[in-house]
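S.K.: As given, the protein sequences belong to chains Y and V, one line each in that order.
Using the working numbering, the first residue of the first sequence is number 408, and each one after it goes up by one.
Using the working numbering, the first residue of the second sequence is number 25, and each one after it goes up by one.
Just so it is clear, CB atoms sit at the ideal spot from N, CA and C, and this is done for glycine as well.
What you are looking at is a predicted structure, and each value in this text was computed from that prediction instead of being measured.
Structure incoming, see below.
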Amino acid sequence: EPEVTQTPSHQVTQMGQEVILRCVPISNHLYFYWYRQILGQKVEFLVSFYNNEISEKSEIFDDQFSVERPDGSNFTLKIRSTKLEDSAMYFCASSDLLAETYEQYFGPGTRLTVT
Amino acid sequence: EDQVTQSPEALRLQEGESSSLNCSYTVSGLRGLFWYRQDPGKGPEFLFTLYSAGEEKEKERLKATLTKKESFLHITAPKPEDSATYLCAVRNSNYQLIWGAGTKLIIKP
Chain Y
408 EPEVTQTPSH QVTQMGQEVI LRCVPISNHL YFYWYRQILG QKVEFLVSFY
458 NNEISEKSEI FDDQFSVERP DGSNFTLKIR STKLEDSAMY FCASSDLLAE
508 TYEQYFGPGT RLTVT
Chain V
25 EDQVTQSPEA LRLQEGESSS LNCSYTVSGL RGLFWYRQDP GKGPEFLFTL
75 YSAGEEKEKE RLKATLTKKE SFLHITAPKP EDSATYLCAV RNSNYQLIWG
125 AGTKLIIKP
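Right, here's the structure in full:
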C-alpha cells in the first residue's frame, strides 16, 4: 500500500541553525501539506502546496519557513533559523485532488528538537 | 471562529465495553469532517470522512455518525489494540483542516 515517508525520523539542532525536513508524498497525489504537533497539543496546519506553489498557509508559517518541491518526488520544509519553540513533531501529508473524499494521508513524522 | 472540541479528553474502558467519543464543531461552510487515529509517536491514520448530517460510516468495531453540530465515534466491543488517540478534524470553506485536541482511549484487557 502506498504511503507517505519522512526523513529524518528525529533531528536535533541548535537554536539559530537551519533545518530541512524531507517528505516523499504518495506518488499520484497532487496536494501536499505540512503540519506540526507540539508535544501534548493539537495538530496545527502550517501550509498546503499545489501545482508548485503555496495554496494556503497559517499564521505560524512566517518568513522563517519555506517549502519546496525540488524534484518530482520530494517535498521539503525548511526552517531558516530555528527557535526553541520550533521543537515539535512535523508531519507531512498528501491527498489526491481527484479523490471523492479528499482525505489526507500522513507520514510518520519528524521529531525536531531545538536545543 | 472555526472550532473543534472533543470529549472526553481521556476514556478508560474494559475490553468489550462499548462507548462513544464526541466531536462538536463550529465551522464556516463545512467541507467534511474527518476522524483519524493516532498512535504514540506516529502520524494520524485516516479512518472516516463524513460530509452531511445523517451520514454514517463503519469500519470493523468503529462507526462514525454526523449531525449539524457534532459527530460521534462509536466503538463496539473494543479490544486492547483499539487503544490510541482519536482525532477529529473539520475542513472549512478555505479547505483548511481544523483539529480537535483528541480523545485518548485506553482499553484494558
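Taking the C-alpha atoms as reference points, what is the distance between E39 of chain V and H98 of chain V?
M.R.: 14 Å
S.K.: Mapping the DSSP letters down to three states, classify E492 of chain Y as helix, strand or coil.
M.R.: helix
S.K.: Under 9 Å between C-beta atoms, does R55 of chain V make it to chain Y?
M.R.: yes
S.K.: Which residues does DSSP list as the beta-bridge partners of S455 of chain Y?
M.R.: Residue pairing for S455 of chain Y: DSSP places it in a beta bridge opposite Y:Y440, Y:E463.
S.K.: So if DSSP puts Q413 of chain Y in a beta bridge, which residue, or which two residues, is it bridged to?
M.R.: Y:C430
S.K.: Would you say F58 of chain V and T73 of chain V are within 9 Å of each other, going by their C-beta atoms?
M.R.: yes
S.K.: Only counting the same chain, and skipping five residues up and downstream in sequence, which positions put a Cβ closer than 8 Å to that of E510 of chain Y?
M.R.: Cβ within range, chain order: S502.
S.K.: Ignore the nearest five residues each way along the sequence and tell me which others in R518 of chain Y's own chain have a CB closer than 6 Å to its CB.
M.R.: So the list reads H417, M496, once near-sequence residues are dropped.
S.K.: Quick one, are the C-beta atoms of F513 of chain Y and E69 of chain V less than 9 Å apart?
M.R.: yes
S.K.: Using a Cβ cut-off of 7 Å, pull out every chain Y residue sitting near N118 of chain V, in sequence order please.
M.R.: E463
S.K.: Distance, Cα to Cα, F439 of chain Y vs Y49 of chain V?
M.R.: 25 Å
S.K.: Alpha carbon to alpha carbon, how far is T100 of chain V from Q471 of chain Y? Give it in angstroms, no decimals.
M.R.: For Q471 of chain Y and T100 of chain V, the distance between alpha carbons rounds to 46 Å.
S.K.: Under the assumption that L54 of chain V contacts Y110 of chain V (Cβ atoms under 8 Å), give the Cβ distance between them as a whole number of angstroms.
M.R.: Their Cβ separation, rounded to whole angstroms, is 19 Å, which puts L54 of chain V and Y110 of chain V out of contact at 8 Å.
S.K.: Would you report the Cα separation of K485 of chain Y and G78 of chain V, rounded to the nearest angstrom?
M.R.: 42 Å
S.K.: Could you check how far apart the C-beta atoms of T411 of chain Y and V431 of chain Y are, in whole angstroms? I think they sit under 8 Å.
M.R.: Here the sequence assigns Val to residue 411 of chain Y, which means Thr is not the residue at that position. The Cβ separation is near 7 Å, so the contact holds.
S.K.: Listed from N- to C-terminal order along the chain, which residues in the segment 71 to 104 of chain V have their beta-carbon within a distance smaller than 7 Å of any beta-carbon of chain Y?
M.R.: T73
S.K.: Could you compute how far the alpha carbon of I130 of chain V sits from the alpha carbon of R85 of chain V?
M.R.: 15 Å
S.K.: So is Y60 of chain V in contact with chain Y if we call contact Cβ pairs under 9 Å?
M.R.: yes
S.K.: Could you tell me the boundaries of the beta strand (DSSP E) in which L35 of chain V lies?
M.R.: 34 to 38
S.K.: Evaluate P133 of chain V with the Cβ neighbour count: other Cβ atoms within 10 Å of its Cβ, from every protein chain shown; 16 or more gives buried, anything less gives exposed.
M.R.: Exposed: under 16 other Cβ atoms inside 10 Å.
S.K.: In chain Y, what lies closer than 9 Å to L111 of chain V by C-beta?
M.R.: The contacting residues are K449, V450.
S.K.: Roughly how many whole angstroms lie between the Cα atoms of P64 of chain V and P477 of chain Y?
M.R.: Distance between the alpha carbons of P64 of chain V and P477 of chain Y: 31 Å.
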